[in-house]
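Student: Sharing a structure with you now.
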Amino acid sequence: MTSPLLRLISITLLACLAACTGGESKVEQGNREGVLHYGNGSEPQGLDPHVVTGVPENKIIRSLFEGLAVKNPYTLEPEPGVAESWDISEDGKTITFHLNPKARWSNGDTVTASDYVWSWHRALNPNMGNQYSYMLYPLVNAEAYATGKLEDPNEVGVKAVDDHTLVVSLNAPTPYFIQLMDHYSTFAVHPETVTMHGGATDRFTPWTRVENMVSNGPFVLTEWKLNRYIRIEKNPLYWNADNVKLNAVIFYPTENLTSEERMFRAGQLHHTNEVPLDKLPVYKAMPKSPLVQAPYLGTYYYLLNTDRPPLDDVRVRKALSMAVDRDTLVSTVLQGAYVSAYSITPPDTLGYYPPKTFSYDPDKARALLADAGYPNGENWPGLELTYNTSENHRKVAVAIQQMWKDVLNIEVTLANQEWKVYLDSVNQMNFQIARRGWIGDYVDPNNFLDLFITGGGNNNTGYSNPEYDDIILRRAPSAPTRDERYSLFREAEAMLMESMPIIPIYTYTSKHLTHPSVKGMPSNLMDSLNIRYVWLDPSETLELE
Amino acid sequence: MWRFVIGRLLQAIPVIFIVITATFFLVRAAPGGPFDAEKAVIPEVKAALERQYRLDLPIHEQYFAYLADLSQGDLGPSFKYPGRTINELIESGLPATAELGAYALLIAVIIGSLAGIAAALRPNTLQDYIPMSMAMIGICMPTFLLGPILVLIFGIHLDWLPVSGWGDIPGDKLMPSITLGAAYAAYVARLSRAGMLEVLSQDYIRTARAKGLPEWQVVLKHGLRGGMLPVVAFLGPAFAGLLAGSFVVETIFQIPGLGRFYVQAAFNRDYTMILGTTVFLSTLIVLFNLLSDIVAAWLNPRLRAQLSE
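Protein sequences appear in the order of chains B and Z. Everything in the first sequence is counted per the numbering used here, starting at 55 for the first residue and increasing by one. Everything in the second sequence is counted per the numbering used here, starting at 451 for the first residue and increasing by one.
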């Protein structure tokens, strides 16, 4: 009695299978229609530029909105966005932005200087709970207003002279300020749209929904299926619409790396957000590999709690750092996915190269440890290395634990903590050694070096050096040229590494699989996507052999 | 019968209440909060965020405020997705999860009971051993292994089925449903085999056969009803389990369901999301258990008689 039923089921299944085989893949169809299928890592928290904080949000928001200046994806140098041009005063403390009179909101309204004033007041308003409000702190009185010490937003250093002229007053010359204009926390939002759907500083309003959103970038939001995809389409009102080549982009929340890689192979994605580490050798071996790997503006390092023995002794800190064979670690454990690091700032940060003050040196490491009172690991009190749950962090920790054992003959125990527990431990300084990663928000050494100023919110090591603070906070910002500024940074960084409150391990890389039909999406240090440059060439096909 | 149903419903209320209370205090007891991030949050900003989410109130006030909202059916705003409410997130994730669960259950019941019945008809022969060893493998094989294997074979090598998505490309629902249903099919197979074996050895089956009824009528009409009892008892909790436990399959196949929200909420310390999904799923589990008890009672004449007394 079972066989006819079974037969029926198998026939149904086969018919269903037959129905869905063959046909055009999403990528092929996309190439034909000018639609980019983009693996974006995860579902964005939201699309309000003054609320969200992540990288997936960044990619979408910067396609929907445009800042006063944008980044050239090839050079990362700023180029005109909403502002046609800008003038910087002699003393470097006043910047005048000349807004493009053709810049429009997607509802047809003109983008005005007062929209920026309103938006920056919003971004800084303490009630907003904007975690990136500090991006605007270079403005006069911005910090005071954002921390509630100043009531009146009109005292903040941003003024609209007329509809198309925005004047910004800075506390001190801020060479990277123009770069910040491409960070979403400094974007303008459409005031009437925001207030139509709720309070100006309300986090829970529906103004970013498809049916409500008004934006000013090259694309507009047309579909948002939670946890499925976000579709944006070319904005015909965008001032530079003639130079936008794509018709639409679909962002997928590709959380699972392995699934994402399979989607790519099956022709469902043009571009992946990541590549699983174990697949790297396979893709590297291909003659026409879709793998694109490039240095990324981020450093992976270990925090050393300098308040706790034995790490309060600089010789111990240096010994630990010199005993780590980074090149071996990177080439074996990490499959060549990253680059060895000997400093906190990644190399070639807009022309800045950090000094290399030490190298892998087992003999010197042993001598330093002996000096500190632990010859060949004798009397060693033990240490604990804390990292958050992740296969990658575990591998690195185990390898380094072994290196310390081999070179210095010391025991270090590993403590794995769940993400939020780990964050709590690090913030409370409740650790001896802790894993840490830092990704730059803008391309400037300052973004890495100001981490370690005394009492800095992300210092987390107890490191404090007045001379270092002086360079970072006072001397470097007022340096007249980029060269002089960079040489001050190099001095500060050498000073930092001399005290070794951190053990730099590697510089991150961005790793993507990109279909050969995708053009105008160069790899760059910020992994920055400027969607305006991207186009698709249907004649290119993918060869995965 | 009604007294039984109402009695069980009344029992459910304290259960759900305890779940809410325990979850509420446990998530807050866990180290780390929803606003801890790798980049330190400025104290003033953190204070503003806490104010917006009522985290600045004493914990008992937060608790009562939450209960008050809950009694109105309001599960609150999400911490992780500002601008979205938990009700909305559950609404958006539930259809995919429920559909996936329903297909998986359907596959489980059809394949499982066919295999189980076939095995029970010829116990200790190949017709028994083959489906039962398959069932054993099915129970042991975790979804995170079966899913990728199916994808490799049918998605990549044969290129018959899409490797991910839900309702985007025809056929993309097949592999996730099979992956999720396989383990349950195996359970159903073993349960229905055991149930059928027991029933087929009963006197009334012998009577039916002695009356000269054709074998298919004996099995389908007289055997099945009693033999499927263990399966029915299993279905309620199974469906609730499918809803709550589809996380792995949803991740492998990038399905926009509830399971992914649920697990990520715990990692993100999205208090309202953890609470909302827990309350929602525990209510479902209680309801489905009740439902399967009622159906089991209805199928089982002895229990039915007891209840109607």
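A virtual CB, placed ideally from N, CA and C, is assigned to each residue, including glycine.
What span of residues does the beta strand (DSSP E) with B:Lys213 cover, start to end?
Tutor: Residues 212-216.
Student: Between the alpha carbons of B:Leu71 and B:Tyr128, how many angstroms are there, rounded?
Tutor: Here B:Leu71 scores only 45 on pLDDT, less than 50, and its place in the model should not be relied on; the value that follows carries that caveat. Approximately 45 Å, taken between the alpha carbons.
Student: Would a check of beta-carbon distances place B:Glu265 closer than 8 Å to chain Z?
Tutor: no
Student: Excluding the 5 residues flanking Z:Leu647 on each side, which residues of the same chain have their C-beta closer than 7 Å to its C-beta?
Tutor: So the qualifying residues of the chain are Ala570, Pro573.
Student: For B:Lys372, which residues in chain Z fall below 9 Å Cβ to Cβ?
Tutor: Those within 9 Å of B:Lys372 in chain Z number zero; the least Cβ separation is about 26 Å.
Student: Scan the segment 82-153 of chain B and note each continuous beta strand (DSSP E) run of 3 residues or more that stays entirely inside, going in chain order.
Tutor: 89-93, 123-125, 132-134, 137-142, 148-153
Student: Consult DSSP for B:Asn512 and reduce its assignment to one of helix, strand or coil.
Tutor: coil
Student: Locate the alpha helix (DSSP H) running through Z:His510, then write down its first and last residues.
Tutor: 509-521
Student: So, with DSSP's three-state summary, where would you put B:Glu465?
Tutor: coil
Student: Which two residues bound the contiguous alpha helix (DSSP H) that contains B:Trp174?
Tutor: 167-178
Student: Whose C-alpha, out of B:Gly405, B:Gln347, B:Ser394, B:Arg420, is nearest the C-alpha of B:Arg369?
Tutor: B:Arg420
Student: According to DSSP, what are the bridge partners of B:Ile557?
Tutor: B:Tyr356
Student: Using a Cβ-Cβ distance cut-off of 8 Å, determine whether B:Arg448 contacts chain Z.
Tutor: Put simply, the CB of B:Arg448 is far from chain Z, with every gap to its CB atoms at 8 Å or more.
Student: Which residues, in chain order, does the segment 266-283 of chain B contribute to contact with chain Z at a C-beta distance below 9 Å?
Tutor: Lys279, Leu280, Asn281, Arg282, Tyr283
Student: Distance, Cα to Cα, B:Thr75 vs Z:Asp609?
Tutor: Because the pLDDT at B:Thr75 is just 45, under 50, the model does not fix this residue reliably, and the value given afterwards should be weighed accordingly. Distance between the alpha carbons of B:Thr75 and Z:Asp609 is about 7 Å.
Student: Should Z:Leu630 go down as buried or exposed, given a rule of 16 or more other Cβ atoms within 10 Å for buried?
Tutor: buried
Student: With distances taken between CB atoms, is the gap from B:Arg448 to B:Tyr560 smaller than 8 Å?
Tutor: Not closer than 8 Å, so no.
Student: How would you label Z:Tyr654, buried or exposed, when you count the other beta carbons within 10 angstroms and need 16 or more for buried?
Tutor: Counting of Cβ neighbours within 10 angstroms places Z:Tyr654 among the exposed residues, the total staying below 16.
Student: Within the same chain, show all residues whose beta-carbon is closer than 8 Å to that of B:Ser79, passing over the 5 residues directly before and after it, in chain order.
Tutor: Ala320, Gly321, Gln322
Student: Indicate whether the contact test is met: 3 or more Cβ pairs, each with one atom in the segment 451-459 of chain Z and one in the segment 731-746 of chain Z, closer than 8 Å.
Tutor: yes
Student: Output needed in chain order: residues of the segment 302-319 of chain B with a Cβ under 9 Å from some Cβ in chain Z.
Tutor: Tyr306, Pro307, Thr308, Glu309, Asn310, Thr312, Ser313, Glu314, Arg316, Met317, Arg319
Student: Can we say the segment 358-366 of chain B touches the segment 378-394 of chain B, given the rule of at least three CB pairs closer than 8 Å?
Tutor: In the pairwise beta carbon analysis, the segment 358-366 of chain B is classified as not touching the segment 378-394 of chain B: fewer than three pairs are separated by under 8 Å.
Student: Nearest to B:Pro132 by CA position, among B:Ala123, B:Trp140, B:Glu138, B:Ser139, is which residue?
Tutor: B:Ala123
Student: Any contact between the segment 227-235 of chain B and the segment 166-173 of chain B? By contact I mean 3 or more CB pairs, one from each, below 8 Å.
Tutor: no
Student: Here's a check: name, in chain order, each residue in its chain whose Cβ is nearer than 8 Å to the Cβ of B:Tyr540, leaving out the five neighbours to either side.
Tutor: Gly405, Tyr406, Pro499
Student: Can you tell me which of Z:Ala633, Z:Ala639, Z:Gly676, Z:Gly533 puts its alpha carbon nearest to the alpha carbon of Z:Gln652?
Tutor: Z:Gly676
Student: Based on the DSSP secondary-structure assignment, which residues constitute the bridge partners of B:Tyr441?
Tutor: B:Asn470
Student: Quick one: which chain B residues come within Cβ less than 7 Å of Z:Tyr531?
Tutor: Gln99, Gly100, listed in chain order.
Student: Rounded C-beta distance between Z:Leu708 and Z:Ile540? I'm assuming under 8 Å.
Tutor: 6 Å
Student: Helix, strand or coil for B:Ser239, going by three-state DSSP, please let me know.
Tutor: In this structure, B:Ser239 counts as helix in the three-state DSSP scheme.
Student: Could you work out which residues of chain B lie near Z:Leu499, taking near to mean beta carbons separated by less than 7 Å?
Tutor: Gly183
Student: Find the nearest neighbour of B:Glu328 within the set B:Lys474, B:Leu311, B:Glu438, B:Asn442, judged by alpha-carbon distance.
Tutor: B:Glu328 has its Cα closest to that of B:Leu311, out of B:Lys474, B:Leu311, B:Glu438, B:Asn442.
Student: Look at the alpha carbon of B:Asn94 and the alpha carbon of B:Phe318, and state the distance between them as a whole number of angstroms.
Tutor: 12 Å
Student: Hey, could you find the ends of the alpha helix (DSSP H) Z:Tyr712 is sitting in?
Tutor: Unbroken alpha helix (DSSP H) run through Z:Tyr712: 708-718.
Student: Please classify Z:Phe666: is it buried, with 16 or more other beta-carbons within 10 angstroms of its beta-carbon, or exposed?
Tutor: In the sequence on display, residue 666 of chain Z carries Trp and not Phe. The residue in question, Z:Trp666, is exposed, as its Cβ has fewer than 16 Cβ neighbours within 10 Å.
Student: By Cβ distance, which residues of its chain are closer than 7 Å to B:Gly431, with the 5 residues on each side in sequence left out?
Tutor: Once the five neighbours on either side are set aside, the close Cβ partners of B:Gly431 are Leu462, Asn463, Ile464.
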